[in-house]
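Everything below concerns the one structure shown next.
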Amino acid sequence: MKKFLAVLIPLFLPFAIQAQVYGPLNPDRETTNTIRVNGVSTILAFGDTVWISPSLNRNINNNAEWFTPENADSVVNGIGRVYSLELGQDTVLAGLGYTNTEAEGSPQTAFGYYFSVDGGDSWRFEPPVLDPDPPSKCFSDDPDFERPSSAGEYDPDCDLQFTYGGITYNRIRFTVPEQAPPYEVDFQNNVVYSANFGGGLIRSRDFGDAWERVILPPDNVSEMTPDDDYTWSSDIVLANGDVTQINRYDPRSKFGLNLRVFGVYIDSQNRVWVGTGNGVNVSDNALSAPTDSIRWSHITFDGSNNGLIGNWVIEIKEEPGTGRIWMTNRVIESGVEDQGLVYTDDGGQTFTQMLIGERINDIGFKDGYVFATGENGLFISPNGGDTWIKSPQIKSPNTFIKSTAVFYSATSTTNRIWISTSDGLASHECCTANQVFDNWEITRVNFPLKGGNVHDEGRDVSTYAYPNPFSPTVHELVRIKFEVENQGNVNIRVFDFGMNLVREIENASFPPGTYEAVWDGVDGKGRKVANGAYIYVIETPGTRKNGKILVVD
Numbered sequence: 056m057k058k059f060l061a062v063l064i065p066l067f068l069p070f071a072i073q074a075q076v077y078g079p080l081n082p083d084r085e086t087t088n089t090i091r092v093n094g095v096s097t098i099l100a101f102g103d104t105v106w107i108s109p110s111l112n113r114n115i116n117n118n119a120e121w122f123t124p125e126n127a128d129s130v131v132n133g134i135g136r137v138y139s140l141e142l143g144q145d146t147v148l149a150g151l152g153y154t155n156t157e158a159e160g161s162p163q164t165a166f167g168y169y170f171s172v173d174g175g176d177s178w179r180f181e182p183p184v185l186d187p188d189p190p191s192k193c194f195s196d197d198p199d200f201e202r203p204s205s206a207g208e209y210d211p212d213c214d215l216q217f218t219y220g221g222i223t224y225n226r227i228r229f230t231v232p233e234q235a236p237p238y239e240v241d242f243q244n245n246v247v248y249s250a251n252f253g254g255g256l257i258r259s260r261d262f263g264d265a266w267e268r269v270i271l272p273p274d275n276v277s278e279m280t281p282d283d284d285y286t287w288s289s290d291i292v293l294a295n296g297d298v299t300q301i302n303r304y305d306p307r308s309k310f311g312l313n314l315r316v317f318g319v320y321i322d323s324q325n326r327v328w329v330g331t332g333n334g335v336n337v338s339d340n341a342l343s344a345p346t347d348s349i350r351w352s353h354i355t356f357d358g359s360n361n362g363l364i365g366n367w368v369i370e371i372k373e374e375p376g377t378g379r380i381w382m383t384n385r386v387i388e389s390g391v392e393d394q395g396l397v398y399t400d401d402g403g404q405t406f407t408q409m410l411i412g413e414r415i416n417d418i419g420f421k422d423g424y425v426f427a428t429g430e431n432g433l434f435i436s437p438n439g440g441d442t443w444i445k446s447p448q449i450k451s452p453n454t455f456i457k458s459t460a461v462f463y464s465a466t467s468t469t470n471r472i473w474i475s476t477s478d479g480l481a482s483h484e485c486c487t488a489n490q491v492f493d494n495w496e497i498t499r500v501n502f503p504l505k506g507g508n509v510h511d512e513g514r515d516v517s518t519y520a521y522p523n524p525f526s527p528t529v530h531e532l533v534r535i536k537f538e539v540e541n542q543g544n545v546n547i548r549v550f551d552f553g554m555n556l557v558r559e560i561e562n563a564s565f566p567p568g569t570y571e572a573v574w575d576g577v578d579g580k581g582r583k584v585a586n587g588a589y590i591y592v593i594e595t596p597g598t599r600k601n602g603k604i605l606v607v608d
C-alpha cells in the first residue's frame, strides 16, 4: 500500500476581536452535580453513557447532572485517579494511578483497579499487581550481599523465573508500584489486559481476581513463537564496578523498549494489539493461549512510506464496522522518526500514514467521521482519513475552549461526539453528511453562585474567579463568574492593589442571567501585568461586586 498524503484543509476566519463576556450561561446546566476538574484526560462512552477521568464521573444522555460514584472511595476520597477505562454492558473497568509526589522525581504510580458489573452502583477494588520482595541477600545493606565477579556468577535467586516454549528464563521482580500505572486496559468476557509501562503487560483470565505476566518479544525480534529461544539483554553491575549484560527480561533496560507497554487493544477478530516504546505487537492467540505459548508479531519503524511513522505507540483503536486498526505514533529516536497517525487494513503488514508531524493523543469515530485529538488541536476527517480539517476554536453560544488547550480524548454516544480537553469537555450532535461543527456544548466544573455545591466548602457567593492564582503563561486567561439580576449596563474593571485602573474588561448592556468575563492578564495598553494581587469590580444595575485575583507568572 502506498503512502497516503493526507490533505489538511485550514479554515480561515475573518479577524475579529474576541468577546470579553460570555453568556448568559444555560440555567439548565447550572447543576451542583458537575465534573470534578476541567482537565479530563480520559473519556469513554457505551451507548448513551459517558464515563470520564479522573474521578469516575458518569453522564447519561447528555444530562446536566454528572453522577459521582458513592462506593469508589479510592477515587472519590483517596489518592487514586482514573488513568484508563474500558466499558461493556453495565460493566466498567478503571485502571487507577497517581503522581507520587513523595518519591524522587514524582513518578506516575500504580494504584490498582476498579471493577463494576452493575453500571457503577457498586465497585470491587483490586490492588496493583506486584511480585514478592527478593531474599535479603539481594539488598546492598545485607551482610551476605555480594556482586558477581562475572556474568556467569549471576545469582538468579534475586529474580524470578518464567517459562516460554518449554525454556526457562529469568526476569526482574516488579516489587514497587512506581513507574507501573495502568495506562490502558481492555477486556473481552473474563479476559482482562492491562498496559503498565515499566510494569509490563499483564493479563487476568478471571476478570481481575488473579493476574499473570505476559512476555513480549525482544527489541530485535520480529516474530516470537514458542518454537525458538530468545535473548533479552539486561545490565548487571559486577564486583569490580563494570557493567555487563545477561539474558533477563527487564523493561528497565535500555535494550528493552518493547517491554515498556503503553497501549493495549482487543479487536473484533480476537487479536490483541500492544503498543510499546519500540513499535506495536499483535497476537492471534493471546486471548486464550497459556503465557508460555503466546505468539507475537513485532512491527517497528523502518523508514518506509507504508510503515509506522514512529516507534512509540500509545493509543490503538478499531474503527467500527470496518475492521481498520488505527494507532498514534510518536518519536523515540529524534531526527529519524516522526509523529502522527496511521491505520492498517491488513493486520499490520502495511500502514497508511497521515497527520505527519502532529502529536496525536487519541482517535474517535462516529458514522464514518474520524476525530483525532492532539497537542495542536482537534482534527476531523469526514471520509475515513482521506482528508482532514483542523477545527477552529471550539465555541458554544455562551463560552469557549481556550485556544491553547490540549485535546486529550474522543468518544461517541448514540447521537453525539465527545471531546475531552485541558479546559473542559466539548460535545456536538453527530453526524450527518457535510456536517459543520459550529454548535458545540461545553461542560466545565460548576460552582453555582447560589451555593449548594457538592463540595463541603460550597457557599453562596456573588462572584468568583478561576483559576486563582492565575498565570497568564500557563492558563492563558482567567474567568470571572457573576450574575446580572436586571437588564442594564454592566461595567467590569480590573485594578491593582492601589486601586489604579489596569483594564476595563466590559462596559455594555446585558439581560438578566449568569455570565463569565475573561481577562488575559494584560493592561489596557496590551502590556503584561506584573505579579501581584488585583481587584476586579463588577457594577450591574443596583449592585456592585468585587473579588481578588492573584497573578503569579
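Sequential numbering of the sequence shown, starting at 56, is according to our numbering.
The C-beta atom is built at its ideal place from N, Cα and C for all residues, glycine as well.
Secondary structure of residue i, DSSP reduced to three states
| i | result |
| --- | --- |
| L29 | The structure shown does not extend to residue 29, since the chain is modelled only from 56 to 608, so the question has no answer here. |
| D400 | coil |
| T346 | helix |
| L312 | helix |
| D212 | helix |
| K192 | helix |
| G568 | strand |
| S451 | coil |
| V137 | strand |
| G207 | helix |
Nearest candidate by alpha-carbon position, reference residue i, set the options
| i | options | result |
| --- | --- | --- |
| Y77 | W367, V95, I560, D103 | I560 |
| I415 | K421, T428, T407, P527 | T428 |
| T405 | V319, A127, I354 | I354 |
| N438 | G576, E157, G587, C486 | C486 |
| D575 | N555, N494, V549, R471 | V549 |
| R326 | L342, N333, G334 | L342 |
| S517 | I444, I593, G167 | I593 |
| Y398 | M382, V391, G390 | M382 |
| P182 | S171, G167, K192 | G167 |
| P447 | D441, N453, G440, K457 | K457 |
| S464 | R350, V425, D493 | V425 |
| A265 | N541, S249, F462, G253 | S249 |
| T442 | V240, P452, T454, T407 | T407 |
| L363 | G402, A344, D347 | G402 |
| N295 | A206, L271, G311 | A206 |
| P211 | K309, I227, D197 | I227 |
| E538 | E430, D261, I472, Y570 | Y570 |
| G150 | D199, R113, N251, E233 | N251 |
| V391 | G365, L314, T377 | G365 |
Separation of residue j from residue i, as counted between CA atoms
| i | j | result |
| --- | --- | --- |
| E370 | G318 | 5 Å |
| Q144 | D322 | 17 Å |
| V584 | V545 | 24 Å |
| N501 | F180 | 29 Å |
| R599 | W106 | 40 Å |
| L532 | P203 | 58 Å |
| K580 | G479 | 30 Å |
| D400 | D357 | 18 Å |
| N586 | V607 | 5 Å |
| E373 | Y219 | 30 Å |
| N601 | I590 | 7 Å |
| E496 | D103 | 16 Å |
| M279 | A127 | 40 Å |
| V509 | N88 | Confidence at V509 is low in this model, with a pLDDT of 45, below 50, so the placement of that residue should be treated as unreliable; the coordinate-derived value is given next. Cα to Cα, V509 sits roughly 6 Å from N88. |
| G255 | V573 | 45 Å |
| A588 | A520 | 13 Å |
| P596 | L80 | 19 Å |
| V137 | V130 | 7 Å |
| H483 | I474 | 9 Å |
| A158 | N453 | 43 Å |
| F492 | G423 | 15 Å |
| S467 | S348 | 37 Å |
Identified DSSP bridge partners for residue i
| i | result |
| --- | --- |
| G362 | Answer is none; G362 lacks a bridge partner. |
| Q144 | In DSSP, Q144 forms no bridge with anything. |
| T466 | W473 |
| K536 | Y519, E571 |
| M382 | I371, V397 |
| R91 | Paired residues: none, contrary to the question. |
| G479 | T476 |
Rounded Cβ spacing between residue i and residue j (contact assumed at less than 8 Å)
| i | j | result |
| --- | --- | --- |
| G334 | V368 | 6 Å |
| I449 | I435 | In fact, because the Cβ distance is near 11 Å, the residues do not count as touching under 8 Å. |
| P236 | T164 | 6 Å |
| F122 | G160 | F122 to G160, Cβ: 35 Å. No contact. |
| R268 | S289 | The pair is not a contact, with the Cβ atoms about 15 Å apart (cut-off 8 Å). |
Proximity test, Cβ basis, 7 Å: residue i and chain D
| i | result |
| --- | --- |
| E559 | Looking for chain D here will not work: only one protein chain is present. |
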